[in-house]
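Asker: Before I ask anything, let me first share the structure, which is written out below as structure tokens.
Number of protein chains: 2
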Amino acid sequence: AIADEVEEQLAAQNGAKPLEGQHILITAGPTREPLDPVRYLSNHSSGKQGYAIAAAVARLGARVTLVSGPVALAPPKGVDMVNVETARDMLKACETALPADVFISVAAVADWRPSISANKKLKLKDEGKTLPALSLAENPDILATISKKRKNRPGLVIGFAAETHDVEALAQAKMKRKGCDWIVANDVSGDVMGGAENEVSLVTRDNVEHWPRMDKTTVARNLANRIAVALGNPDGQQLAAE
Amino acid sequence: AIADEVEEQLAAQNGAKPLEGQHILITAGPTREPLDPVRYLSNHSSGKQGYAIAAAVARLGARVTLVSGPVALAPPKGVDMVNVETARDMLKACETALPADVFISVAAVADWRPSISANKKLKLKDEGKTLPALSLAENPDILATISKKRKNRPGLVIGFAAETHDVEALAQAKMKRKGCDWIVANDVSGDVMGGAENEVSLVTRDNVEHWPRMDKTTVARNLANRIAVALGNPDGQQLAAE
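Chain order of the listed sequences is A and B.
The numbering of the first sequence is this note's numbering, which starts it at 169 and goes up by one.
The numbering of the second sequence is this note's numbering, which starts it at 169 and goes up by one.
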């Protein structure tokens with residue numbers, strides 16, 4: 169119903185490219201945090217949702233920079249790709265791509281990395297008789313870093329939150345903590361990881377909308393439309409939600 | 169030159185399927201060792217080399233079981249696929265697939281896994297003010313387990329060793345430690361991971377052959393031919409190496 173409403177608003181624009189002139193920066197996929205040349209710590213992420221959003225906003229006329237971790241997907245048409253491995257490289261690539269009008273953080277960024285990263289393959293067994301432990305260092309928080317920029321803070325910053333429980337409550341807490349404007353929260357307790365469908369809630373400052381389960385390209389189109397409405401009209405977000 | 173020699177020997181068989189009647193069990197791809205529903209520890213592995221070997225031995229008439237970790241490749245034609253995630257599942261799938269005449273362990277099996285695997289996404293930050301450490305548990309050694317079986321030990325057990333330094337020395341040590349018959353050692357200090365080419369040495373009990381850099385399908389074809397010669401003739405391995 170929300171999607172229909174937004175589609176109607178956009179249809180009223182008569183096939184124009186409502187995101188023309190906007191630069192939208194998107195991250196997608198996982199990051200890989202090397203322990204040594206063969207081992208890494210990572211997150212499940214096919215990249216499908218982020219790539220679908222990049223394609224959807226490009227179709228509405230935006231100039232898109234897609235900063236992507238390693239995935240098995242073809243780059244969407246008409247999108248500037250930047251391929252990265254680690255969270256630190258992803259942040260650097262995002263900062264290089266600024267300024268942007270919208271930042272959408274879809275990537276499943278590893279929040280922790282091995283605190284050592286060896287140049288040679290580690291022989292863990294040789295290192296002591298005790299069971300080894302992998303000490304971790306905290307990665308930069310890309311969403312919070314971009315959200316809290318004084319200079320070049322995009323006008324609309326959107327985060328994704330993959331949660332297995334208390335999805336909406338954790339999303340609202342995350343939005344406050346990170347300083348972003350919207351959160352697309354998805355419940356990954358089922359089998360959406362890597363699948364073609366997603367079930368999300370769009371959490372804004374003063375609203376939570378639960379979207380029914382739909383395929384990731386539809387989630388992407390709906391979100392692209394919502395962004396177009398929000399950018400075209402300062403009250404768009406509220407209008408569309410009613 | 170070795171490849172030519174082996175091809176000649178096989179050509180002499182007049183287009184027969186020299187591996188007909190043989191069951192070849194192959195592992196390929198990485199394993200993923202979950203820390204929680206979103207995070208995992210893994211190894212770099214595209215699965216290309218293992219899938220190419222599965223296709224090559226199937227083409228020579230073998231019945232092939234391919235036990236594969238998560239990769240972005242289509243299953244080779246005429247191969248029985250078993251898809252797994254963790255090292256423990258991979259071992260179970262291999263044991264279920266026995267008996268086999270040949271076992272080829274190409275998978276980049278994670279030798280360590282997080283010693284806890286949570287059902288809920290861990291909030292690492294909440295768990296203490298100190299930097300977290302990921303405690304690790306040792307995974308079963310699939311190659312050694314299959315090599316040392318008393319019952320159902322395949323007649324020819326072949327391991328792969330990805331090393332960044334001292335490649336042949338480490339491969340020979342690995343062969344003794346694991347109890348396998350051949351090791352295909354590859355030097356991953358360059359950029360072969362995920363690429364189309366590979367540069368390997370075939371290490372047998374009494375010989376080391378360095379093969380020049382070639383594409384992974386050629387490595388696969390050469391290895392398949394070597395296996396056919398070895399199975400067809402107890403001295404085949406020695407013959408081909410001279």
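We treat Cβ as the ideally placed atom computed from N, Cα and C, and that holds for glycine.
Within 10 angstroms of the Cβ of residue 334 of chain B, are there 16 or more other Cβ atoms? Answer buried if so, exposed if not.
Answerer: Residue 334 of chain B comes out exposed.
Asker: Quick one: is residue 374 of chain A buried, meaning 16 or more other Cβ sit within 10 Å of its Cβ, or exposed?
Answerer: When all chains shown are included, residue 374 of chain A counts as exposed.
Asker: Can you have a look at residue 331 of chain B and say buried or exposed, based on whether 16 or more other CB atoms are within 10 angstroms of its CB?
Answerer: Burial call: buried.
Asker: How many Å lie between residue 399 of chain A and residue 185 of chain A at the Cα?
Answerer: Taking the straight line from one Cα to the other gives about 12 Å.
Asker: Is it true that the region 231 to 243 of chain A meets the region 222 to 235 of chain B, where meeting means three or more beta-carbon pairs spaced less than 8 Å apart?
Answerer: Contact fails: fewer than three Cβ-Cβ distances are below 8 Å.
Asker: Residues of chain A with CB under 7 Å from residue 332 of chain B, in chain order?
Answerer: Neighbours of residue 332 of chain B on chain A, chain order: 205, 288, 289.
Asker: Could you tell me the distance, in whole angstroms, from the CA atom of residue 283 of chain B to the CA atom of residue 205 of chain B?
Answerer: Straight-line Cα distance between these residues: approximately 14 Å.
Asker: Considering only the beta carbon of each residue, do residue 277 of chain A and residue 314 of chain A sit closer than 8 Å?
Answerer: Result no, Cβ atoms of residue 277 of chain A and residue 314 of chain A do not sit closer than 8 Å.
Asker: Using DSSP with H/G/I as helix, E/B as strand and the rest coil, what is residue 263 of chain B?
Answerer: Looking at residue 263 of chain B - three-state DSSP - the assignment turns out to be helix.
Asker: Give me the chain A residues within the contact set of residue 301 of chain B, using Cβ-Cβ distance strictly less than 8 Å, ordered along the chain.
Answerer: Simply 301, 302, 303, 304.
Asker: Looking at the unbroken alpha helix (DSSP H) that takes in residue 390 of chain A, where does it start and where does it end?
Answerer: Residues 384 to 400.
Asker: Residue 321 of chain A by DSSP, collapsed to three states: which one?
Answerer: If DSSP states are grouped into helix, strand and coil, residue 321 of chain A belongs with coil.
Asker: With burial defined as no fewer than 16 other Cβ atoms inside 10 Å of the residue's Cβ, what is the status of residue 258 of chain A: buried or exposed?
Answerer: That one is buried.
Asker: Which residue's Cα is closest to the Cα of residue 279 of chain B: B:290, B:308, B:225?
Answerer: Of B:290, B:308, B:225, the residue nearest in Cα terms is B:308.
Asker: Under a three-way DSSP split, which group does residue 196 of chain B fall into?
Answerer: Residue 196 of chain B: strand per DSSP, three-state reduction.
Asker: Mind pulling the chain A residues with CB within less than 8 Å of residue 208 of chain B?
Answerer: Per Cβ cutoff of 8 Å: 209, 210, 211, 212.
Asker: Among A:217, A:364, A:207, which one has its Cα closest to the Cα of residue 213 of chain B?
Answerer: It is A:207.
Asker: Taking the alpha-carbon of residue 256 of chain B as reference, which of B:247, B:249, B:275 has the nearest alpha-carbon?
Answerer: Residue 256 of chain B has its Cα closest to that of B:275, out of B:247, B:249, B:275.
Asker: May I ask you to report which of helix, strand or coil DSSP gives residue 315 of chain A?
Answerer: Residue 315 of chain A falls in the helix class under three-state DSSP.
Asker: Mind checking if residue 353 of chain A is an interface residue toward chain B, Cβ cutoff 8 Å exclusive?
Answerer: False, the Cβ-Cβ gap to chain B never drops below 8 Å.
Asker: Listed in chain order, which residues of the region 264 to 282 of chain A have Cβ atoms closer than 9 Å to some Cβ of chain B?
Answerer: Those residues of the region 264 to 282 of chain A that come within reach of chain B (Cβ to Cβ, closer than 9 Å) are 276, 278, 279, 280, 282.
Asker: State the Cα-Cα distance for the pair residue 329 of chain A and residue 318 of chain B, rounded to the nearest angstrom.
Answerer: So the two alpha carbons sit approximately 50 Å from each other.
Asker: When you check each C-beta in the region 237 to 252 of chain B against every C-beta of chain A, which residues fall closer than 7 Å?
Answerer: Residues passing the 7 Å Cβ filter: 240.
Asker: Is the beta carbon of residue 304 of chain B sitting closer than 8 Å to the one on residue 202 of chain A?
Answerer: In this structure, residue 202 of chain A does not lie closer than 8 Å to residue 304 of chain B by Cβ.
Asker: Just the Cα atoms here: how many angstroms apart are residue 369 of chain B and residue 363 of chain B?
Answerer: Taking the straight line from one Cα to the other gives about 17 Å.
Asker: To the nearest angstrom, report how far apart residue 192 of chain B and residue 338 of chain A are at their CA atoms.
Answerer: Approximately 49 Å between the Cα atoms of the pair.
Asker: Confirm, please, whether the CB-CB distance from residue 371 of chain B to residue 396 of chain B is below 8 Å.
Answerer: In this structure, residue 371 of chain B does not lie closer than 8 Å to residue 396 of chain B by Cβ.
Asker: Which residues in the same chain as residue 355 of chain A place their Cβ atom closer than 7 Å to its Cβ, once the five residues preceding and following it in sequence are excluded?
Answerer: 331, 335, 367, listed in sequence order.
Asker: By DSSP, does residue 218 of chain A sit in helix, in strand, or in coil?
Answerer: Correct three-state label for residue 218 of chain A: helix.
Asker: Any beta carbon from chain B within less than 8 Å of residue 335 of chain A's own beta carbon?
Answerer: By this cut-off, residue 335 of chain A is not an interface position.
Asker: Can you list, in chain order, the residues of its chain with a C-beta nearer than 6 Å to that of residue 378 of chain A? Leave out the 5 residues immediately preceding and following it.
Answerer: Answer for residue 378 of chain A: 369, listed in chain order.
Asker: Among the residues of its own chain, which have a CB less than 7 Å from the CB of residue 195 of chain A, if the five just before and after it don't count?
Answerer: Hits under 7 Å: 218, 235, 258, 262, 273, 274, 275, 310.
Asker: What first and last residue would you give for the beta strand (DSSP E) that runs through residue 335 of chain B?
Answerer: Unbroken run through residue 335 of chain B is the alpha helix (DSSP H), 335 to 346; no beta strand (DSSP E).
Asker: Among residues of its own chain, excluding the 5 on either side of residue 187 of chain A, which ones have a beta-carbon nearer than 8 Å to its beta-carbon?
Answerer: Here the set comprises 225, 228, 229, 230, 392, 395, 396, 399.
Asker: The beta strand (DSSP E) that contains residue 272 of chain B, what's its start and end?
Answerer: Segment 270 to 273, the beta strand (DSSP E) holding residue 272 of chain B.
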